[in-house]
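Q: The sequence shown begins at 1 in full-length UniProt numbering and counts up one residue at a time.
Yeah, the Cβ is synthetic: ideal placement off N, Cα and C, and Gly gets one too.
Bear in mind that the values here come from a model prediction, so they are computed numbers and not experimental data.
So that we are looking at the same thing, I have put the structure below in structure tokens.
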Amino acid sequence: QRGTYLDLFKTPLKHELLCKILQSMSDGLSEDNFLTNERCNGRLNKLAQAILNIDKKIHGAGDVQLTLIAALADVGYKKTLRKMLLDPTVRFHPDALLRRCERFADERKVHALETIAECGRDLRNVDVVEIYDMILDVLQRDDNVEQAIELWNRMHEQDITPSQKFVRNLCSMAKTNKKPIPPEIVTLAEKQQKAALEASGTQI
């Protein structure tokens, strides 16, 4: 029956296998080591390509790009991921990437989400603000206010404007845990409140 063989590969292990191969190509060291080895490690290259080819046959070409993006994010290969996202021949639907990010959020993989957000800066097909919302949601579920404030500090350094939801939730976390709210967040919250009042026709 057509497709029976390929059905054997319809498994969530696809992502884990690809991550292991990428890590093996760096000898468990840095991404720079991966970039050096990637040029000469034919066996692992072929293995990675085999997984991606199976993925393409089952799910289509678009899913292959997302599979590789997710694996690179999970292992933290930022240079390679940024280069891939900047490549005009790499095409994927922004909503499909967000769905993959939602899976990372469910798995509490904050590092992978932040890698995608960092590497996707200034790109139209990566909703960075939405991804940062997902990261904060994970940290809020774990009541990890320290990491939430550190996350905001990194965003502020990169000139990333957070969503209204992010501002509200970070304020709520800080108040609940009796932590000082970052001054920039206070300013943004005040602006949001003023805009909301003006929109409703109420004068301050």
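(1) Taking DSSP as the reference, what is the three-state secondary structure of L8?
(2) When we look at the beta-carbon of L139 and count the other beta-carbons within 10 Å, is it buried (16 or more) or exposed?
(3) Please classify Q65: is it buried, with 16 or more other beta-carbons within 10 angstroms of its beta-carbon, or exposed?
(4) Using the three-state DSSP reduction, which class does K178 fall into: helix, strand or coil?
(5) Below 7 Å CB to CB, which residues in the same chain sit around T115 once its five sequence neighbours on both sides are set aside?
(6) Between the C-alpha atoms of A196 and E190, what's the straight-line distance to the nearest angstrom?
(7) Grab me the residues of T176's own chain with a C-beta within less than 6 Å of its C-beta, minus the 5 sequence neighbours each way, in chain order.
(8) Considering only the beta carbon of each residue, do K165 and D133 sit closer than 7 Å?
(9) Helix, strand or coil, according to DSSP, for Q164 in the structure here?
(10) How many Å lie between R141 and S172 at the Cα?
(11) Considering just the uninterrupted stretch of the alpha helix (DSSP H) at P88, what are its terminal residues?
(12) Where does L17 sit, in a helix, a strand or coil, going by DSSP?
(13) Go ahead and pull the three-state DSSP assignment for S24.
(14) List the whole-angstrom C-beta distance separating R100 from A70, where the pair is believed to meet the contact cut-off of C-beta under 8 Å.
(15) Using only the alpha-carbon positions, how far apart do L98 and C119 sit?
(16) Which word fits S26, buried or exposed, when buried means at least 16 other C-beta atoms lie within 10 angstroms of its C-beta?
(17) What span of residues does the alpha helix (DSSP H) with R99 cover, start to end?
A: For this structure:
(1) The pLDDT assigned to L8 is 42, lower than 50, so where the model puts this residue is not dependable; a value taken from the coordinates is nonetheless given after this. DSSP places L8 in the coil class of the three-state scheme, outside both helix and strand.
(2) It counts as buried.
(3) Around the beta carbon of Q65, a 10 Å sphere encloses 16 or more other beta carbons of the protein chains shown; the residue is thus reported as buried.
(4) In this structure, K178 counts as coil in the three-state DSSP scheme.
(5) Apart from sequence neighbours up to five positions away, the residues of its chain that approach T115 with a beta-carbon distance below 7 Å are A73, G76, K78, L81, ordered along the chain.
(6) The straight-line gap from Cα to Cα measures roughly 10 Å.
(7) No residues qualify anywhere along the chain.
(8) Judged by beta-carbon spacing, D133 lies within the 7 Å limit of K165, meaning their Cβ atoms are closer than that value.
(9) Annotated three-state conformation of Q164 is helix, per DSSP.
(10) The alpha-carbon atoms of R141 and S172 are separated by roughly 13 Å.
(11) Careful: P88 lies outside any alpha helix (DSSP H) and carries neither H nor E.
(12) Looking at L17 - three-state DSSP - the assignment turns out to be helix.
(13) Of the three classes helix, strand and coil, the one that applies to S24 here is helix, per DSSP.
(14) Yes, they are in contact, since the Cβ atoms of R100 and A70 sit about 5 Å apart, within 8 Å.
(15) Roughly 14 Å separates the two Cα atoms.
(16) Flag for S26 reads buried.
(17) 94-106 is the span of the alpha helix (DSSP H), which, as asked, contains R99.
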